[in-house]
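A quick write-up on the structure given underneath.
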Amino acid sequence: MKTRNYVKLKQLAPVQRRQVLFLAALYGVMSLISVVMLIYYNCIGDPYKRTANCVNTAVAVWFPFIAERLLKHRFSFFQHMVYAFIMLTSCMIGSVFYVFELWAPYDKLAHGTSGYLLMIFIMGILAYFIKDFEKINAPVLIMIMFAFSLGTACAWEVIEFLFDWLLGQNGQGYVSDEVLKKIAEQGYTGIRANWEKLKYVGVLDTDTDMAVHTAGSLVFSLHFLLHRLTGRNLLMGTLIKDAPATEMNTPFQTQTDKSDNENSLGKVSDDTLSEAKENKAE
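Going by the working numbering, the sequence shown wraps up at 1582, each residue one higher than the last.
Okay, structure coming up:
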């Protein structure tokens, strides 16, 4: 694993500092909207079962920043924007504003797109843990990224299941009023009633969500493989170059630092010139 020097915000170069502040503002807006919607939904009795989704989104938007502090490594601006796009389209628009339930095709479109985009974020994490990761055998690297991507899809569905069971949400799907009435007649309440309800929820939504996510990750895998086989950029070369995200940890260079660098470069040039003259004299 590479040794990282985590540069604090106030010590970052101006461009990188502005990018970090922009990202913090972007995540902050999404988190604030989620909290506002959480309050609104609960004021009207949470008829759409949005409590868990609002809480999840308000917290999850900050995961990249939390991971950066733990890993002592900043993700690239593009990697952050990929994550922000996933959070905006899936968690905010899809879940908080329940577009997933209002328009079924949007659910599959978001899951499929996330399957591709998450591979970019995973590639950035691998670049942190594995030195010269881009030189690893292509099929091996693809299998590693693909496995991690499918793991996130599985984790998403497990989280939905837990929210449905413990908080009475409807992430996994709905059941008919007849089923709910039957459960109530048996005297079940709380998490026991939620558990009984889950027994009647179909698996089609979960299966198709994971299937389209898998398809998105496969498209990325084929894109990566095509880049390796042809030796052409195909945009994948740019994504790979961006993966280590070294520019996001650029420290601010003071005038003293610049002078030292210039003096150092001047000294090297003078030494080189002197050496050339000596060789010519010989």
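Beta carbons: idealized from backbone N, C-alpha and C, even for Gly.
Keep in mind it's a predicted model, so treat the numbers as computed, not measured.
Assigned exposure category for CYS1354 - 16 Cβ within 10 Å defines buried: buried
Is the CB-CB distance between ILE1386 and LEU1417 below 9 Å? yes
Specify the secondary structure class of GLN1555 as computed by DSSP and reduced to three states. Residue confidence for GLN1555 is low, a pLDDT of 41 falling below 50, so the modelled location carries little weight and cannot support an answer.
So, with DSSP's three-state summary, where would you put LEU1312? strand
Inter-residue spacing [alpha-carbon to alpha-carbon] between LYS1349 and LYS1372: 37 Å
For THR1357, does the three-state DSSP call read helix, strand or coil? helix
Where GLY1502 and ALA1515 are concerned, what is the direct C-alpha to C-alpha distance, given to the nearest angstrom? Near 22 Å, if we compare the C-alpha coordinates of ALA1515 and GLY1502.
Sort LEU1409, GLU1434, TYR1327, ALA1352 by Cα distance to ALA1384 and report the nearest one. TYR1327
Buried or exposed (CB count within 10 angstroms, at least 16 for buried), LEU1522: exposed
In chain order, what residues of the same chain lie with their CB nearer than 6 Å to the CB of THR1572, ignoring the 5 residues before and after it? Because the pLDDT of THR1572 is 45, which lies under 50, any placement of that residue in the model is unreliable, and the number read from its coordinates should be weighed accordingly. Answer for THR1572: no residue qualifies.
C-alpha distance - GLN1319 paired with MET1330, whole-angstrom precision: The straight-line gap separating the alpha-carbon atoms of GLN1319 and MET1330 is approximately 17 Å.
8 Å Cβ shell around MET1392 - same chain, five flanking residues per side excluded: MET1330, ILE1333, SER1334, THR1357
GLN1379 lies in the alpha helix (DSSP H); which residues open and close that run? 1377-1386
Buried or exposed by the 16-neighbour rule on C-beta atoms within 10 Å, applied to GLU1485: exposed
Are the beta-carbon atoms belonging to PRO1405 and LEU1525 less than 9 Å from one another? Using a Cβ distance threshold of 9 Å, PRO1405 and LEU1525 do not count as a contacting pair.
From the DSSP output, in three-state form, read off VAL1307 for me. Looking at VAL1307 - three-state DSSP - the assignment turns out to be coil, as it is neither helix nor strand.
Which two residues bound the contiguous alpha helix (DSSP H) that contains THR1546? Element bounds for THR1546: n/a, residue is neither H nor E.
Under 9 Å, do PHE1375 and GLY1345 count as touching if we go by C-beta distance? no
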